[in-house]
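So the protein lines, in turn, are chains C and E. Under this note's numbering, think of the first position of the first sequence as 11, with each following residue one higher. Under this note's numbering, think of the first position of the second sequence as 11, with each following residue one higher. The beta-carbon is built from N, C-alpha and C at its ideal position, and this holds for glycine as well. Some notes on the structure that comes next.
Number of protein chains: 2
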Amino acid sequence: MNKQILLKSRPQGLPTLQNFNFVESDVPKIMQGEILVKVIYFSLDPYMRGRMNDAKSYAKPVELGDVMEAGGVGEVVESNSSKFKVGDIVSGMTGWQEYSVLSDKFVRKIDPDLAPISTSLGVLGMPGLTAYCGLMSFGKPKSGEQVVVSAASGAVGAVVGQIAKLKGCTVIGVAGENAKCDYVINELEFDDCLNHRDENFKSRMREVCSSGVDIYWENVGGITFEAILPLMNEFGRIPVCGLIAHYNQTDLPVSKDRIPVLFRNILTKRLSLRGFIVWDLKDQEEEALKQLSSWVLEGKIKYKEDVVEGIESAPEAFIGLLEGKNFGKMLIKTAPKNNL
Amino acid sequence: MNKQILLKSRPQGLPTLQNFNFVESDVPKIMQGEILVKVIYFSLDPYMRGRMNDAKSYAKPVELGDVMEAGGVGEVVESNSSKFKVGDIVSGMTGWQEYSVLSDKFVRKIDPDLAPISTSLGVLGMPGLTAYCGLMSFGKPKSGEQVVVSAASGAVGAVVGQIAKLKGCTVIGVAGENAKCDYVINELEFDDCLNHRDENFKSRMREVCSSGVDIYWENVGGITFEAILPLMNEFGRIPVCGLIAHYNQTDLPVSKDRIPVLFRNILTKRLSLRGFIVWDLKDQEEEALKQLSSWVLEGKIKYKEDVVEGIESAPEAFIGLLEGKNFGKMLIKTAPKNNL
């Protein structure tokens with residue numbers, strides 16, 4: 011049997027368990043050019059909140075009654091493709107389920123001897139590539155510059171900050187818990203990390219960034235953005251990668267002068283704001299993956315995973331992710347006994 | 011005697027005549043490396059409103075009691091420089107006055123046989139360069155793309171739109187009077203031009219831009235920006251050149267959801283917003299001026315000047331400019347009888 015999590019209803023604001031449906035169905039059949047994958051890990055990422063809305067965006071929404079969308083990694087258990095054989099480890103868009111039928115066109119083979127296969131969903135997967143390609147293309151870090159990274163202990167932010175350090179920048183993280191800040195400072199070796207829930211967050215940020223901010227990596231929006239905007243230096247760059255603080259917002263109290271303040275900053279400081287999605291940077295993926303893999307193997311880039319066991323736990327884990335309760339790359343391990 | 015307009019007090023909101031002081035003083039003496047210029051035209055531009063504030067910006071404010079800042083063009087009447095001789099026509103930062111002492115380092119010689127000297131303050135000066143360099147560097151127009159230009163009949167907007175047409179784009183202007191819209195359509199040959207004061211402006215904009223907007227040239231901010239943001243196509247570019255609608259704002263009613271809407275658009279459509287100032291693009295000036303001059307001589311780029319005679323009229327003309335009352339590049343002609 012195939013265990014699956016379906017989208018039952020569209021959330022208003024933060025999703026609840028009632029928005030999801032857990033079902034068991036037959037393991038699906040495969041056609042020519044397809045493979046059947048037994049999913050070992052699938053990934054939970056903030057972008058999935060967008061897919062739950064019935065709104066035009068860069069990707070089409072998940073339809074009601076469909077399996078929730080996710081990248082996953084697993085073992086080929088049946089193959090109707092000359093490209094993959096039974097026993098291969100592959101990653102692709104498996105969805106929130108235990109068995110997934112994938113076209114051999116949209117699957118990547120993973121070498122389990124190179125690194126733990128879960129990294130293909132994190133530091134050596136979409137989040138790592140997002141960090142590398144976005145920072146290089148739109149952040150353009152130069153040695154000696156000051157970089158602020160929001161969601162600094164998260165899957166993307168942790169990699170952004172570590173790359174910026176490798177490029178000779180001073181890097182300040184922002185996270186939502188003191189334990190995360192400690193990890194960012196002590197393990198990831200950022201120069202500092204502030205808790206955006208602290209009362210003195212804005213004034214502390216001003217102190218820590220007394221020479222201004224050249225690159226602000228935008229993962230979250232909200233008050234973090236507000237605190238950093240006035241600190242931006244001339245010719246500052248703001249790659250807009252995500253907006254976790256806004257994903258669940260149905261209504262937002264905004265002080266009246268924010269848009270003018272934003273634009274005044276953009277104009278007078280010649281800021282650059284650039285939204286992007288990792289797919290847009292496909293041509294950089296190969297080089298990025300090579301560079302990231304070697305940094306990970308050399309121990310220059312560290313990563314942390316937050317693995318929850320059992321597909322049934324996915325909805326709760328996902329809601330927690332949107333509230334910032336995860337600590338590291340959020341993964342669901344569907345097969346608790348698997349040793350990979 | 012030298013007639014001058016000084017900054018008397020800092021405006022709250024729209025400047026009034028009381029913020030300026032008209033004085034007569036001795037014609038100043040020049041030192042080594044300096045020239046004395048009898049100003050023929052000086053330029054009035056929206057950016058000058060920013061200089062009247064006592065706020066940190068990309069340029070320092072005009073001090074109270076100082077001559078208002080302006081680019082101007084005039085004749086050298088005394089020279090202590092080997093680079094310029096009496097009778098030369100030069101352009102430089104003359105200020106709002108009849109006689110100006112300029113260092114020979116910051117002055118450009120103008121050939122009065124090539125084009126009317128007033129163009130050195132408009133289509134072949136700062137506004138034209140702003141249009142050319144900004145559009146090429148940050149707009150990056152491609153044939154077949156849809157371009158919207160705010161303040162379309164203004165000194166910068168008119169050039170932006172005409173260049174975009176030369177590059178094969180469909181170009182829609184936005185202006186604040188029907189007469190301006192007519193001029194933009196009939197003389198500048200934009201594909202269309204809408205009046206932002208029209209009741210149906212937003213819905214008309216949606217109709218006219220039914221295939222979306224690839225480049226929005228931001229000169230004004232305010233409701234024009236709001237109308238166009240939802241129409242932006244993926245990978246759209248928004249060069250932020252000016253924000254006339256905001257310059258006089260001391261308080262602005264903003265609907266609550268604008269910042270989140272802006273950021274959602276930036277992210278999901280991968281928009282690029284880039285503030286810039288023409289000084290930042292100095293290295294492109296020579297090529298830009300060559301190209302613009304040849305287009306102007308070939309009649310491919312048209313321009314319109316709004317010349318007001320007499321330095322005493324400058325404050326009123328400037329206030330009108332900020333209200334959109336000018337029609338074409340706003341210039342003050344200090345010497346009414348001069349035939350240049």
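At least one C-beta of chain C is nearer than 8 Å to the C-beta of E/K279. Linking E/M11 to E/Y109 through their CA atoms gives a straight-line distance of about 9 Å. Listed along chain E, the residues sitting closer than 7 Å to C/V250 by beta-carbon distance are F273, I276, L277.
For C/V77, no alpha helix (DSSP H) run applies, since DSSP gives it neither H nor E.
Scanning chain E for C-beta atoms nearer than 7 Å to the C-beta of C/I287 yields R280, reported in chain order.
By the Cβ neighbour-count rule, C/W289 is exposed, with fewer than 16 other Cβ atoms within 10 Å of its own.
If you look at E/F235, you'll find it in the alpha helix (DSSP H) that goes 232–238. A residue is called buried when at least 16 other Cβ atoms come within 10 angstroms of its Cβ; C/D293 does not meet this threshold and is exposed. When rounded, the separation of the alpha-carbon atoms in E/I45 and E/K119 is 12 Å. The secondary-structure analysis by DSSP pairs E/M340 across a beta bridge with E/D316.
When the five nearest sequence neighbours on each side are left out, the beta carbons in the same chain lying within less than 6 Å of the beta carbon of C/T180 are those of Q156, D201, in order along the chain.
For the region 288–299 of chain E, residues whose beta-carbon sits nearer than 8 Å to a beta-carbon of chain C comprise D290.
Under the three-state reduction of DSSP output, E/G82 falls in the strand class. The Cβ atoms of C/A324 and C/I50 lie no closer than 8 Å to each other. Chain order gives no chain C residues near E/R216, where near means a beta carbon separation below 8 Å; the closest approach is about 14 Å.
With contacts defined as CB atoms closer than 8 Å, E/A141 and E/I173 qualify as a contacting pair. A direct Cα-to-Cα measurement between E/R284 and E/K13 gives close to 39 Å. Judged by beta-carbon spacing, C/I225 lies within the 8 Å limit of C/G149, meaning their Cβ atoms are closer than that value. Neighbours of C/G231 in chain E, taken as residues at a C-beta separation under 7 Å, are given in chain order as F273. In terms of beta-carbon proximity, E/S67 lines the interface with chain C, with at least one pair separated by less than 8 Å. Within a 10 Å sphere around the beta-carbon of E/R247 sit 16 or more other beta-carbons, which makes this residue buried. For the pair E/G132 and E/T104, the CB atoms are not nearer than the 8 Å cut-off. A straight line joining the alpha-carbon of E/G252 with that of C/L299 spans about 40 Å.
Per DSSP, the unbroken alpha helix (DSSP H) holding C/W305 starts and ends at 295–307. Across the set E/C203, E/M78, E/N63, the C-alpha of E/C203 shows the shortest separation from the C-alpha of E/V159. Interface with chain C (8 Å Cβ-Cβ cutoff): E/L332 is excluded. Here E/D316 is buried. Its C-beta has 16 or more other C-beta atoms within 10 Å. In terms of Cβ geometry, C/V111 and C/V96 do not form a close pair [threshold 8 Å]. Residue contact with chain E for C/R59: absent (no Cβ-Cβ distance below 8 Å to any residue of chain E).
Burial of C/T344 is indicated by the presence of at least 16 other C-beta atoms within 10 angstroms of its C-beta.
At a cut-off of 3 residues, the continuous stretches assigned as beta strand (DSSP E) that sit fully inside the region 154–224 of chain C are 156–159, 180–185, 202–205.
Residue environment analysis places E/R207 among the exposed positions, since fewer than 16 neighbouring C-beta atoms fall within 10 angstroms of its C-beta. Under the three-state reduction of DSSP output, C/V288 falls in the helix class. Excluding the 5 residues flanking it on each side, C/E244 has same chain C-beta neighbours closer than 7 Å at K279, R280, in chain order.
Using a Cβ distance threshold of 8 Å, E/P249 and E/L145 count as a contacting pair.
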